[in-house]
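Asks: So the protein sequences, as listed, match chains A and B. By our numbering, the letter at position 80 of the first sequence is numbered 1524, and the numbering carries on one by one without gaps. By our numbering, the letter at position 129 of the second sequence is numbered 1573, and the numbering carries on one by one without gaps. For every residue, glycine included, the Cβ atom is placed at its ideal position computed from N, Cα and C. What you are looking at is a predicted structure, and each value in this text was computed from that prediction instead of being measured.
Number of protein chains: 2
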Amino acid sequence: MTTLDDSAHTEIRLRLARLDQRYTRLRRVLVEVIAAAGRPVSILEILASAPGLPQSSAYRNLSSLIESGVVRRVPGTDDHGRFELAEDLAGHHHHLVCARCGSVEDVRHSPALEQALGEAAQAVASQQGYRITEHRFDLVGVCPACLP
Amino acid sequence: MTTLDDSAHTEIRLRLARLDQRYTRLRRVLVEVIAAAGRPVSILEILASAPGLPQSSAYRNLSSLIESGVVRRVPGTDDHGRFELAEDLAGHHHHLVCARCGSVEDVRHSPALEQALGEAAQAVASQQGYRITEHRFDLVGVCPACLP
DNA sequence: CGATACAATGATAATGACTTTCATTCTCAA
DNA sequence: TTGAGAATGAAAGTCATTATCATTGTATCG
Chain A
1445 MTTLDDSAHT EIRLRLARLD QRYTRLRRVL VEVIAAAGRP VSILEILASA PGLPQSSAYR
1505 NLSSLIESGV VRRVPGTDDH GRFELAEDLA GHHHHLVCAR CGSVEDVRHS PALEQALGEA
1565 AQAVASQQGY RITEHRFDLV GVCPACLP
Chain B
1445 MTTLDDSAHT EIRLRLARLD QRYTRLRRVL VEVIAAAGRP VSILEILASA PGLPQSSAYR
1505 NLSSLIESGV VRRVPGTDDH GRFELAEDLA GHHHHLVCAR CGSVEDVRHS PALEQALGEA
1565 AQAVASQQGY RITEHRFDLV GVCPACLP
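1) Among B:V1477, B:R1462, B:G1482, whose alpha-carbon lies nearest the alpha-carbon of R1469 (chain B)?
2) Roughly how many angstroms separate the alpha carbons of E1563 (chain A) and Q1566 (chain B), rounded to a whole number?
3) Nearest CA to the CA of G1585 (chain B): which residue from B:R1517, B:E1549, B:G1513?
4) Quick check on S1486 (chain B): does DSSP put it in helix, strand or coil?
5) Assign C1545 (chain B) to one of two classes, buried (16 or more other C-beta atoms within 10 Å of its C-beta) or exposed (fewer than that).
6) Let me make sure I understand the geometry here. Which of A:V1568, A:D1582, A:G1525 has the alpha-carbon closest to that of S1507 (chain A)?
7) Can a CB atom of chain B be found closer than 8 Å to the CB of Q1465 (chain A)?
8) How many angstroms separate the CA atom of T1446 (chain B) from the CA atom of R1472 (chain B)?
9) For P1555 (chain B), which residues in chain A fall below 8 Å Cβ to Cβ?
10) Does DSSP classify G1513 (chain A) as helix, strand or coil?
11) Where do the ends of the beta strand (DSSP E) carrying H1539 (chain B) lie?
12) If you follow the alpha helix (DSSP H) that T1454 (chain B) is part of, which residue opens it and which one closes it?
13) Can you tell me the Cα-Cα spacing of D1582 (chain A) and A1494 (chain B), whole angstroms?
14) According to DSSP, is L1591 (chain B) helix, strand or coil?
15) Give a yes or no on whether the minimum CB-CB distance between R1544 (chain B) and chain A is below 8 Å.
16) Given V1514 (chain A), which residues of its chain have a CB within under 8 Å of its CB, disregarding the five upstream and five downstream residues?
17) Check whether the Cβ of P1484 (chain A) lies closer than 8 Å to any Cβ atom in chain B.
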């Protein structure tokens, strides 16, 4: 459950402006719904949290927000996309995914582990010739609500 | 590039039989194409490697192989599914994903890192009440072929 | 304070990966 | 050999997501 301050909204407006896009009311609603969730949310959850928001507008504005680097789409286990704030707005974290119901939660790991992850990423990068831009350490399992 | 021996094929036949399914010629072709690739392959790549294989048969048999635990579907960055052998047939590994072209390669990390990953997974599990069944440590970047 | 250019909206149609259907063919087991 | 049931492949269907387009909103310039 993240709450964004004014400077964050100013930064978001700037990123949109770079692509000649506006920070409209709908886009602000989307950003606030996503920030308030504090975990990746599906379109259905977004539509439920923003009554009256047409599905087509939700998808279109989500695309704009993704293009401008405000929102990120995260791949889950089911075939519903999920959306969260870009990493530099939400802070570095990873995910805990339920293989049964598809829900996703945020998880933060120890600095020691994160350092090991980063070093491993760099080792592979220099070895394989990739330019690594991101690492994902996601845990998949069964959430308490889905356990027998 | 993995080649499967006879005992692997026997094991695959057994897993299918548990669900009253048969290890047909098409299914064997699919398994061999996937094993030979040594990385997650898309439907397009599979169809290209198996001339004459109808798309509907490819999808249907892939589903059977997934249900019986022979093949695993891995989420990429584009909207094409990719398929690889189940972990106990291919060995534990992770992925190096190109954000530009969507290609995926296998990567194996040091035992020390794998141990740290496993311990982190267990720590989160006991803390959050999840039963963790899998961890994914995927590196996302730009592959040498896509670099400017 | 308009006027104008252009982005945003939302209902609807289209796209495309994937799934299902179904009549026919194949295959295992008795 | 034969019958039960699984597999096949062409075609139709599903469903999340994307594009279209006429209309509306909104910054900016004179």
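Replies: With the structure as the only source:
1) B:V1477
2) Roughly 21 Å separates the two Cα atoms.
3) Cα-wise, what sits closest to G1585 (chain B) is B:E1549.
4) strand
5) Around the CB of C1545 (chain B), fewer than 16 other CB atoms lie within 10 Å, so the residue is classed as exposed.
6) A:G1525
7) no
8) 14 Å
9) For the C-beta of P1555 (chain B), not a single chain A residue is nearer than 8 Å; the gap to the nearest is close to 12 Å.
10) Coil at G1513 (chain A), not helix or strand.
11) Segment 1538 to 1542, the beta strand (DSSP E) holding H1539 (chain B).
12) 1450 to 1461
13) Rounded to whole angstroms, D1582 (chain A) to A1494 (chain B) spans 33 Å at the Cα level.
14) Reduced to three states, the DSSP call for L1591 (chain B) is coil.
15) No, no contact with chain A.
16) Excluding five sequence positions before and after V1514 (chain A), the CB atoms of its chain that fall closer than 8 Å to its own CB belong to I1456, R1459, L1460, V1475, L1529, A1530, L1533, given in chain order.
17) Closer than 8 Å: no.
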